[in-house]
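Only one structure is covered here, and it is reproduced in the block below.
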């Protein structure tokens, strides 16, 4: 392992701070506040001077969209609990009402910081390099003429002003829509009316001027032309506002006879979910605000007021500007050396896997020349009898799905488990499911009460010595676009035990029966939870000084897993946890977790892989390594179908060790969690950036063997 760094921290500390006290509840950090702390770490990337300007704008957009989902799901769920009169406290001791109050305070702090970063840093910085956020008042006559023409031809035709009067009830405000609240007055009668104009969500959030150097908020362009929407009326005022609604998809048991149809019904319901947040800009008229709050059935605590502009998720349109000088350097994944061939040659992936397992690490290793090529070769190979695959999230033009369709059309047995309940990807998955069915693929839509989150593919091939099964088990989705942005791991293998396990798992998913014991896979729900607990306990029971645990994951929430780690710490087990997002465990607490350290890596790529290392997992002094789809959350361990696979080849274990070494040595992207629940930026003298270093190592491996014969 890499030697530990001497770490220092920035002041003041980032994140909320709450000093642990005696008592059961102080052993845990609140789940929702921990997510907001992750949001602050994302904002810190937008604030970092060494991050290219358009990438800083991107991080503002990521934070904004993440906060939208937080309100649609987490805050909406807490509000449902309050409405139902539920008072059950979380492991950290907060009731739903207390959580909502604390969340509001924290979100207001983050929104103020987001506005400050955008208005005082990012927007002026972009202006200095020729990309200006312009107000209408700052435009010259030629600019205004351009926007008038664009309004008349592209914007005006899709606008629909909706007035509120005795004959026109208050209009429905759709989820996440940006709107203008307009007060108009009839000059003849003096009668005043409220009207709503929806800013079209299919148009870019920011209108980019023809010179590509200026961008204007779309709502400002519309606001300057309200006289065209209300001819003969006097426009007294106009104010942008945005509504967030409950968008969590829930299915009743009696709807599950046709799961696909049930999901389609729920997607229609989502649009009409109860409002949970109202975003407005400073200076909004009290009269207009009171009307919005009343009609949306909200209260004052649901209103969030900022400096504007609203919905900085629209900064993706600015990020799309062709300014490579203001973005991260172009990144090209490398092809695994065992898969590299001259352009005129095609690699035989099955032959490669017969010579040994393959570990792929995206985005450093190419997804296209490994996982996508594996499925494409299986689809084209006349000796392949069957392909079975899970699909949780995939892209609109997925080559994986296209390959499955080609395989089915070629007469192969193809089964696809399409998880139509994947949150916010339900509509896309429904469309893919229909296309796959039309091509003759056996499509299964998941299980009632469970989401199928596992990332697995099974290929059955007829060979000279009999039928052989080839497998992929990974941590990330079968999506070639996110594979360039998300850090993930996967194992490609023809291990007969893993093949048998995957056959059993797919039979469980597509058929009728119960999961039984597996040879090598740890599967949830079922063996995964008790086996992880056993592995953690095994380190506590190992010879003194030999216990060691390293885990890398997205979130650590499960109380039983946290308690098991606390118990291991009490036995002296040195534990390092790399947790990208939510962490409810308190590290470094005397008498509880003094042997546990927690860090988070937030940077260019979204850390998404899960790695589990136990120094004595196979036996005394014999380590066990695993990767898979599961985080340590109740939903992953109990309410989702997950698969975690052992990595047994020494050279692949060394690769995983290298990944963890780099993560633990990072002093550029890393944050450290303290016993008080506060995250602090890690500072050190080595200058280790996880994403830069892993990219360098991947390139070095490719160069070292590029002249070697392929095999």
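In the numbering used here, the protein residues as written are 2 to 712. No residue lacks a Cβ here, since even glycine has one placed at the ideal position from N, Cα and C.
Residues bridged to residue i [DSSP beta-bridge criterion]
i: residue 185; result: 194, 236
i: residue 486; result: BP columns for residue 486 are empty, so no partner.
i: residue 241; result: 181
i: residue 103; result: Answer is none; residue 103 lacks a bridge partner.
i: residue 577; result: 551, 598
i: residue 463; result: 468
i: residue 215; result: 133
i: residue 140; result: Beta-bridge pairing links residue 140 to no other residue.
i: residue 612; result: 553, 628
i: residue 276; result: 246
i: residue 341; result: DSSP lists no partner for residue 341.
Residue i beta carbon near the ligand GDP (any heavy atom closer than 6 Å)
i: residue 442; result: This structure simply doesn't include the ligand GDP, nor any ligand for that matter.
Where residue i sits in the DSSP three-state scheme
i: residue 599; result: strand
i: residue 388; result: strand
i: residue 617; result: strand
i: residue 199; result: strand
i: residue 520; result: coil
i: residue 413; result: coil
i: residue 671; result: strand
i: residue 715; result: Not covered by the structure: residue 715. The range shown for the chain is 2 to 712.
i: residue 442; result: coil
i: residue 71; result: helix
i: residue 381; result: helix
i: residue 741; result: The displayed coordinates of the chain run from 2 to 712. Any statement about residue 741 would go beyond what the structure contains.
i: residue 624; result: strand
i: residue 497; result: helix
i: residue 635; result: helix
i: residue 46; result: helix
i: residue 29; result: strand
Environment of residue i [buried if 16+ CB atoms lie within 10 Å]
i: residue 332; result: exposed
i: residue 481; result: buried
i: residue 726; result: This structure cannot settle anything about residue 726, because the visible part of the chain is limited to 2 through 712.
i: residue 637; result: buried
i: residue 701; result: exposed
i: residue 309; result: buried
i: residue 109; result: exposed
i: residue 439; result: exposed
i: residue 681; result: buried
i: residue 275; result: exposed
i: residue 189; result: exposed
i: residue 695; result: buried
i: residue 187; result: exposed
i: residue 85; result: exposed
i: residue 258; result: Annotation note: pLDDT 44 at residue 258 (below 50); position unreliable, coordinate value reported separately. Exposed is the call here.
i: residue 113; result: exposed
i: residue 512; result: exposed
i: residue 382; result: buried
Reference residue i; option with closest CA among the options
i: residue 73; options: 278, 327, 546; result: 278
i: residue 126; options: 51, 83, 357, 342; result: 51
i: residue 43; options: 574, 555, 65; result: 65
i: residue 644; options: 653, 611, 617; result: 611
i: residue 209; options: 161, 276, 287, 317; result: 317
i: residue 357; options: 48, 704, 652, 671; result: 652
i: residue 527; options: 617, 635, 491; result: 635
i: residue 375; options: 295, 137, 193, 351; result: 351
i: residue 148; options: 360, 217, 92; result: 217
i: residue 327; options: 567, 672, 53, 461; result: 53
i: residue 714; options: 571, 105, 648; result: An answer regarding residue 714 cannot be provided, because it is not within the stretch 2 to 712 covered by the chain.
i: residue 191; options: 236, 406, 589; result: 236
i: residue 59; options: 703, 676, 530, 605; result: 605
i: residue 92; options: 574, 667, 561; result: 561
i: residue 171; options: 642, 196, 311, 48; result: 196
Any C-beta of chain C under 7 Å from that of residue i
i: residue 74; result: Protein chains in the displayed structure number just one, and chain C is not present.
| the stretch 33-48 contacting the stretch 574-592, beta-carbon criterion three pairs below 8 Å | yes
| query | Touch check for the stretch 119-131 and the stretch 191-203: three-plus C-beta pairs under 8 Å? | reply | no
| message | When you compare the stretch 221-241 with the stretch 157-174, are there three or more beta-carbon pairs, one atom per stretch, that lie closer than 8 Å? | response | yes
| said: Is it the case that the stretch 402-421 contacts the stretch 623-639, given that we only count it when at least three CB pairs across the two stretches are under 8 Å? | reply: no
| said: Assess contact between the stretch 358-365 and the stretch 468-488, defined as three or more Cβ pairs (one per stretch) separated by less than 8 Å. Is contact present? | reply: yes
| field | Three CB pairs or more closer than 8 Å across the stretch 544-554 and the stretch 446-455 | value | no
| field | contact_flag[the stretch 286-293, the stretch 169-187] where n(CB pairs < 8 Å) is 3 or more | value | yes
| query | Between the stretch 592-606 and the stretch 524-538, are three or more C-beta pairs nearer than 8 Å? | reply | no
| message | Check whether the stretch 381-396 and the stretch 461-474 touch, using three or more Cβ-Cβ pairs below 8 Å as the test. | response | yes
| Taking three-plus beta-carbon pairs below 8 Å as touching, is the stretch 585-592 in contact with the stretch 467-476? | no
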